[in-house]
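Taking it in order: structure first as structure tokens, then the write-up.
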Amino acid sequence: MNPLESLRLAWRSIRGHKLRSALTTLGIVIGIAAVIAFVTLGASLQAGIIGDISPDDQRNVYGWAAEPDTEGGPLAGAQPVFTGDDLEAVEDLEAVEAAYGYATIQTQAISNGEETVAQGNGLIASGPSYIREERLAEGRQFRQGESEAVLNPAAANQFEENVTVGDELTVTILGGERRTVEVVGITDTSEGQSPFEGFESSPRVYVPTDPYYTEQASGLGTGGGDDGGDNESAGESGEARFLAIIVEAPSDDAADIDAARESATDYLESDQSDASEFLGDDLAVRFQTSTELLQQLQDVLDLLRNFIVGIAAISLLVGSIGIANIMLVSVTERTREIGIMKAVGAQNRDVLGLFLTEAVILGVIGAILGTALGLVGGYVGAEYVDLPLVYPLEYVALAVVVGILVGVLAGLYPAWRAARTDPIDALRYE
Amino acid sequence: MATAETAVSLSDVRKTYRIGEPVHALDGVSLEVPQGSYTAIMGPSGSGKSTLMNLVGCLDTPTEGEVVVGGRAVDALDDRERTRLRGTEVGFVFQTFNLMPRLNAVENVALPQLFQGIGRTERRERARDLLERVGLADRGDHLPNELSGGQRQRVALARALVNDPAIVLADEPSGNLDTDTEAEILDLFDEFHDAGTTMIVVTHERHVAERADRIVHLLDGRIERIEELDGGAAEPASRTGSSGRSEGDSE
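Protein chains in written order, with the working numbering: chain B, 1 to 430; chain S, 431 to 681.
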């Protein structure tokens, strides 16, 4: 009997038991849908995170000085060692396009006219290009040396009256000093601009390192003054020492990035740099790209996804036991039909093929419906969490293969039982 | 022993079931069924009718002795070959019709050809032809439960004939039918018999058996007697001698 005929006959008997077939398939539908939905969400989440690394960011390397065996994410164990001179010298290196410092400024509050909002760690001082042009929803980048600031939407909207470009804010720095800043730009999202900040949405205010950080640091001694209060040793251009340094390579080409990373490290660890006096034997400069910094997060995501896929696989197993069970019932129920077919010349393999086909059809229908449901689920989930939707197409193909496989495995024993049925007994069966 | 003119031959066939005490369902049965003949098998319950039918229908193999169907020794065949022989050389008609409930009349008639790998179009044509011959030309698309008992048995008869078998084996073919319908079905049997089909009918009703050329009476697993009907017109030797059917199946 050719496979097409088996298919036709098998489909006929599935249609003969619509409700039963539907319920049987449900187990597979749920299993496959869960896998597809979670894998879609995982892939979308990954794309969302990777997407946060804009093309411009891909040529950045983020550096900080820490004890060499410090474990952890960005800025783990970082010590403020980089001076303004270091930044300029690094920027002058041939392999480096630009370099700027990064530091967070401790603040108490931010006021917009009468209204004051408490803000702890929200002031981020860096170079102008830290906020890339394409990430500005309004306005422009701040300029170095000016009392300007760029806000993210979360920071701009936390006041009763939303802050817009051109407004003036009063920042109260830890210690009580007040400063007035002019808002020159608003970013497009409230997510972090670099791995240093983390990627979660929170109110952030971006300001130029000069004047904010350099002045504040020299004033409060949080910068370079930790080494016994002798700020003079830190050099002339300002005593401020930056926690971190961001180095821009000329392109996002891996070779260029490595060249920039190496030349910057070489310089900073050489005796020419101001940083070297603090580095000594204890600290080492570490430069990493956003992608590298995100790797850890990625590993956690992968683990989580595998865990969920594992649970979904259990549901698939339960589903296939359901198919096996219903096929066994079906074989018993159709004993007489099997007897008739064998009496009129059906070979064992014909009967085997017929029942196996039936199980595979159930599995494949389950897989297809499950895939559709999973894709819809993934879409809804991604929409809800506001992630870019990415469909892992290889998993869709895999789902159908799994459906066939589940059908074969679940159908094998019942089909074998059917094939072995003795026609004499089967014809006598009531 | 088997000749081209013999549709089925049994020689000293024994069938013993071992369920605790050995039971001799058939105890040395020898029988020749010539081609084109019409044989009825009668006997009380437990006389071995069913066992004999299973052996002739290639559903079972004898414990001892030889069964030859369509020129081939059944006991020498493995399960696959036996199934194939059954599919091509034996047509079954059952008391309970035994049609596939989800297949319509045409599909039921065509079912044996499906397992012989014959194409869909050819199968359907053949099935419609046969349905026409049993008088059900307009019922081809009906499911068994949409047909009357007599109509179902006609479908079953058409199915039995679809592969041009060496014998048609009917087990109480009219057991579930009323008297009028029974007569119709048996008339149809006569019609096909006259056209050359070899018929074996197992029954315990005298008037059904009397349609045959001869009646084989079974008792306790043995042939009690063979009763020739129609004034000896069905004498095996004379019948086969006058038969024009010689398919050259010499073995």
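A virtual CB, placed ideally from N, CA and C, is assigned to each residue, including glycine.
Kindly confirm or deny that the segment 239–253 of chain B and the segment 93–102 of chain B touch, where touching means at least three C-beta pairs closer than 8 Å.
yes
What is the DSSP secondary structure of Leu93/B, counted as helix, strand or coil?
coil
Cβ neighbour criterion (16 or more within 10 Å) applied to Glu148/B
buried
Look at the alpha carbon of Gly457/B and the alpha carbon of Gly145/B, and state the distance between them as a whole number of angstroms.
The structure shown does not extend to residue 457/B, since chain B is modelled only from 1 to 430, so the question has no answer here.
Mind pulling the chain B residues with CB within less than 7 Å of Asp490/S?
Ile424
By Cβ distance below 6 Å, which residues in the same chain neighbour Val309/B in space, the five residues on each side in sequence not counted?
Val35
Beta-bridge partners of Lys445/S, as assigned by DSSP
Leu456/S
So, is Asp610/S buried or exposed, given that buried needs 16 or more other C-beta atoms within 10 angstroms?
exposed
Paired residues, beta bridge with Phe619/S - DSSP
Paired residues: none, contrary to the question.
Spell out whether any CB of chain S is found under 9 Å from the CB atom of Asp350/B.
yes
Could you tell me whether the Cβ of Arg606/S comes closer than 9 Å to any Cβ of chain B?
Before going on, a small fix: residue 606/S reads as Asn here, not Arg. Not one chain B Cβ lies under 9 Å of Asn606/S.
Would a check of beta-carbon distances place Asn575/S closer than 9 Å to chain B?
no
Does the beta carbon of Phe622/S sit closer than 9 Å to a beta carbon anywhere in chain B?
no
Please report the straight-line C-alpha distance between Asp457/S and Ala324/B, rounded to a whole angstrom.
44 Å
Which same chain residues, not among the five before or five after Met483/S, have their C-beta less than 7 Å away from its C-beta?
Leu599, Asp601, Val632
Going by DSSP, what residues sit across from Gly521/S in a beta bridge?
Val598/S
Does chain B have any CB closer than 9 Å to the CB of Gln581/S?
no
If you measure between the beta carbons of Ala367/B and Ala399/B, is that distance less than 9 Å?
yes
Could you have a look at Glu114/B and say whether DSSP puts it in helix, strand or coil?
coil
Please report how far the alpha carbon of Gly225/B lies from the alpha carbon of Val165/B, in whole angstroms.
Because the pLDDT at Gly225/B is just 37, under 50, the model does not fix this residue reliably, and the point stays unresolved.
Would you check if the distance between the CB atom of Ile49/B and the CB atom of Gln296/B is smaller than 9 Å?
no
Report yes if the C-beta distance between Ile110/B and Tyr212/B is below 9 Å; otherwise report no.
no
Expressed to the nearest angstrom, what Euclidean distance is found between the alpha-carbon atoms of Leu440/S and Val497/S?
5 Å
Identify the contact partners of Met327/B in chain S, using a Cβ-Cβ distance below 9 Å as the criterion.
By Cβ distance, chain S contributes nothing, its closest Cβ being about 17 Å from Met327/B, past 9 Å.
Since Leu560/S and Ala588/S should fall inside the 8 Å C-beta cutoff, what is the C-beta to C-beta distance between them, to a whole number of angstroms?
4 Å
Express the C-alpha separation of Thr436/S and Ser672/S in angstroms, rounding to a whole number.
Note on Ser672/S: pLDDT 37, under 50, position unreliable in the model; the coordinate value appears next. Each residue's Cα considered, the two are about 13 Å apart.
Could you give the DSSP three-state label for Met629/S: helix, strand or coil?
strand
Considering only residues of the same chain and omitting the five flanking positions on each side of Ser201/B, which have a CB-CB separation below 7 Å?
Ala154, Ser190, Glu191
Note the first and the last residue of the continuous beta strand (DSSP E) segment covering Glu269/B.
It is not in any beta strand (DSSP E) - Glu269/B instead sits in the alpha helix (DSSP H) that spans 254–269.
Rounding to the nearest angstrom, what Cα-Cα distance links Ala313/B and Gly31/B in this structure?
7 Å
For the candidate residues His634/S, Asn575/S, Glu562/S, whose alpha-carbon lies nearest to that of Gly605/S?
His634/S
Looking at chain B, which residues of the segment 535–547 of chain S have a Cβ within less than 8 Å of any of its Cβ atoms?
Leu541, Pro542, Leu544, Phe545, Gln546, Gly547
Contact defined as beta carbons within less than 8 Å: I believe Ala642/S pairs with Ala470/S. What is the distance between those atoms, to the nearest angstrom?
4 Å
Whole angstroms is fine: what's the gap from Ala596/S's alpha carbon to Val408/B's?
39 Å
Do Thr481/S and Gly651/S have their beta-carbon atoms positioned less than 9 Å apart in this structure?
yes
Residue interval of the alpha helix (DSSP H) (run including Pro80/B):
That residue, Pro80/B, is in no alpha helix (DSSP H); it is neither H nor E in DSSP.
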